[in-house]
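Q:
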Ligand SMILES: Nc1ncnc2c1ncn2[C@@H]1O[C@H](COP(=O)(O)OP(=O)(O)OP(=O)(O)O)[C@@H](O)[C@H]1O
Ligand SMILES: [Mg+2]
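Numbering (my numbering), first residue to last: 31 to 338.
Here you go:
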């Protein structure tokens, strides 16, 4: 299937010389939820801003639904709903008027039933007549989402949707994103919360210093997360692995004093029983053992550190 967004060799150097994006390549699949993880200043907002036509790229190209974001800006932009990182809403307008107005900005005909549905989905219906300045921060954030959805975009960008949002609202935001996906909307969100990426994303991308370091299926990352390392300290150092152990994926380290075995905690069988039986029949004595599990957090921290 053709990607709904295709980003090729995208680079952005801001006036003053800061390279915020460095040759980023990324295809976004129709209907997926993609989470972009990265530390402050990594380039997440810059990437989103370019795709949405708010910032000019220095080089590279982007298409949205097959439309070039520069030569075919209007067609590309009409497919996108954007919830920016910074909240800026018309303080004196009512919730309902703001959301209806946003739809009009894209040249779409009025559709009160649709606006009603969006407000209900976001639990804003009771607040529809309130002025936005009278709402709490979390409610304002929901209004931003309602505004972004008013013109029925196929793609929704959420830049830090849950920063500063309480646990309950965060969960309801995740549910909303899940429901949107069911209607076929592609969702790209940025987050600092690894837990958030774990909970809702189909794929996770990691950005650091303007470089996209990895994009991977979440289940694949979870598999890596599920990796455990068993370290066995041997009584006597080994020169080489005994024959019976050669079929097992083991490494001999520390001048033969340590055996390291990596296994998948998610698998039906860890293979530890077989390993210990083989060790015993080969007459290899174990003095001590320990296990360590890698987490998505470890993977993320290592990636970002290695990128430096
Ligand atoms: N308009 C601008 N002019 C100059 N530099 C900018 C501009 N906007 C962003 N930058 C710089 O570009 C880099 C990337 O910023 P960006 O906002 O894209 O990061 P981010 O990943 O969204 O960070 P955060 O997690 O803090 O939101 C930063 O070093 C930032 O200071
Ligand atoms: Mg940002």
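We treat Cβ as the ideally placed atom computed from N, Cα and C, and that holds for glycine.
Given that a residue counts as buried once 16 or more other Cβ atoms are within 10 Å of its Cβ, and exposed if not, what is residue 322?
A: exposed
Q: Look at the Cβ atom of residue 240, then the Cβ atom of residue 73, and state whether they are nearer than 7 Å.
A: yes
Q: What's the gap between the Cα of residue 152 and the Cα of residue 66?
A: 23 Å
Q: Under 6 Å from any heavy atom of ligand 1, does the C-beta of residue 76 make it?
A: With a cut-off of 6 Å, the C-beta of residue 76 is classified as near ligand 1, since at least one heavy atom of the ligand falls inside that distance.
Q: Quick one: what does DSSP say residue 107 is sitting in, helix, strand or coil?
A: helix
Q: Could you give the distance in angstroms between the alpha-carbon of residue 219 and the alpha-carbon of residue 290?
A: 38 Å
Q: For residue 167 and residue 262, what's the separation of their Cα atoms in angstroms?
A: 52 Å
Q: CB-CB under 8 Å to residue 119, same chain, minus the five flanking residues each way: which ones, in chain order?
A: 128, 162, 170, 173, 174 and 177
Q: Whether or not the segment 40-57 and the segment 142-152 are in contact is what I'm after, with contact meaning three or more pairs of Cβ atoms, one per stretch, closer than 8 Å; do they touch?
A: no
Q: Let me make sure I understand the geometry here. Which of 88, 96, 114 and 109 has the alpha-carbon closest to that of residue 78?
A: For residue 78, the closest C-alpha among the options 88, 96, 114 and 109 is that of 114.
Q: For residue 141, I'd like the list of residues in its chain whose CB is within less than 8 Å of its CB, leaving aside the five on either flank, ordered along the chain.
A: 133
Q: Do residue 44 and residue 53 have their CB atoms nearer than 7 Å?
A: no
Q: Measure the C-alpha to C-alpha separation of residue 294 and residue 305 and round it to an integer number of angstroms.
A: 14 Å
Q: For ligand 2, is there any heavy atom lying closer than 6 Å to the beta carbon of residue 147?
A: no
Q: Can you tell me the Cβ-Cβ gap for residue 288 and residue 264, rounded? I've got them flagged as a contact below 8 Å.
A: 7 Å
Q: For residue 237, count neighbouring C-beta atoms within 10 Å of its own C-beta (all shown protein chains included) and say buried if the count is 16 or more, exposed if not.
A: It is buried - the Cβ of residue 237 has at least 16 other Cβ atoms within 10 Å.
Q: Per DSSP, what kind of secondary structure is residue 294 in: helix, strand or coil?
A: Residue state, collapsed to three classes: strand.
Q: Going by alpha carbons, who is nearest to residue 315 out of 281, 97, 117 and 267?
A: 267
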